Amino acid sequence: EWHAGLAEVLDEFRALHGVDAPLPWSTHLVEDEGWADRWKEHFKPLRVGNHFIVCPTWEEALAGENDHVIRIDPGQAFGTGHHETTRLCLEWLETYDEIFVRQNPSDPKPSLLDVGTGTGILAIGAVLLGWREVVGIDIDPLAVQVAAENLTVNGVESRIRLATTGVVQILGPFDVVVANIQALPLIQMAGSLKEKLCPMGHLVLSGILQEQRDMVVAAYTDQGLRLKAERPAGEWCLLEFGPPNHGTNGSDG
């Protein structure tokens, strides 16, 4: 039956592209060699920044006394730490935390809204740094399910609130809003993300290709925010915005 279906698809392809000659094809059986788990061979513990180690749940991490180990089983969600944009965001969290603690040792730790939480990796990282209120949202229910499982593995399920709601429905404001998604939704959400910021808050955006940078910057400066810092990584970049009168945090090394 599926042979007939494949033949029909090929006929439609030929008609669509004006191909007169028949397209040769064949089928053969492939034995199950554990393809569903084969990718795990390439997901190894990874140091990010100075103190984060992102470690798959099936591996052991060689961690030092001051390291923060984030244990992740990504399932079908985004966020293993191996992508440049995830690393950029984790490095930003670590740098900001170091500066915040150094300058405000007696103040409560910051709050965080993680938009497009995926595996929950950024939310977990913030909690391991001791941040006081962390919320992770994702429009994909499967991603939120994966994130919930990772929260449990890391023992932080009581310290992070997860939701499949949109940004508008989340009660704020937050000291830091981080969104590692894609340029187009970031542009569309500019007003909503700004509304979730504290008056002196930090808005951190990634998932942006270098060629898309100017469009994203324009969308957020139109909201009255100022580009404070940016970091490149390959073809990607991270952008940090804040109020017009707010100085940089030194994270744009």
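If you read the sequence shown in the numbering used here, its first letter stands for residue -15, the second for the next number, and so on. For glycine and all other residues, C-beta sits at the position ideal for the given N, C-alpha and C. Only a predicted model underlies this, so the values are computations on that prediction, with no experimental measurement involved.
6 angstroms CB neighbourhood of residue i in its chain, flanking five on each side removed
i	result
N134	I56, T103 and G104
S190	T69, L72, C73, N164 and L222
T148	P125 and V128
S176	V151 and V152
R145	V119
C39	P29, A45, V53 and R55
E219	L193 and Q194
P89	none
N138	R55 and I108
Close-in-space but distant-in-sequence residues of the same chain around residue i (CB under 8 angstroms, 5 per side omitted)
i	result
A20	Any reading at A20 must be qualified, since the residue scores a pLDDT of 49, below 50, and its modelled position is unreliable; the value itself is stated next. Correct list: empty, nothing qualifies.
P228	G208, L209 and R210
Exposure of residue i, with buried meaning 16 or more beta-carbon neighbours within 10 Å
i	result
L72	buried
N34	exposed
H52	buried
W42	exposed
V3	exposed
E75	buried
A131	buried
A5	exposed
H12	exposed
D(-5)	exposed
Check: residue i C-beta below 7 angstroms from any heavy atom of the ligand SAH
i	result
C73	For the ligand SAH, the structure offers nothing, since it holds no ligand at all.
Cβ pair residue i, residue j closer than 8 angstroms
i	j	result
G114	D98	no
R143	V111	yes
I54	G109	yes
C182	P157	yes
P94	V160	yes
Chain-order list of residues whose beta-carbon lies under 7 angstroms from that of residue i (same chain, five-residue window excluded)
i	result
R31	I37
G100	D122, A163, N164 and I165
K180	L97, V151, I154, G156, P157, F158 and V161
D91	none
D81	L113
Bridge partners - residue i, DSSP secondary structure assignment
i	result
C39	R55
F27	Answer is none; F27 lacks a bridge partner.
G226	R210
D91	According to DSSP, D91 bridges with nothing at all.
C221	I192 and P216
Taking contact to mean at least 3 C-beta pairs separated by less than 8 angstroms, is the segment 199 to 208 in contact with the segment 158 to 170? In short, these stretches touch, since the Cβ pair count reaches three.
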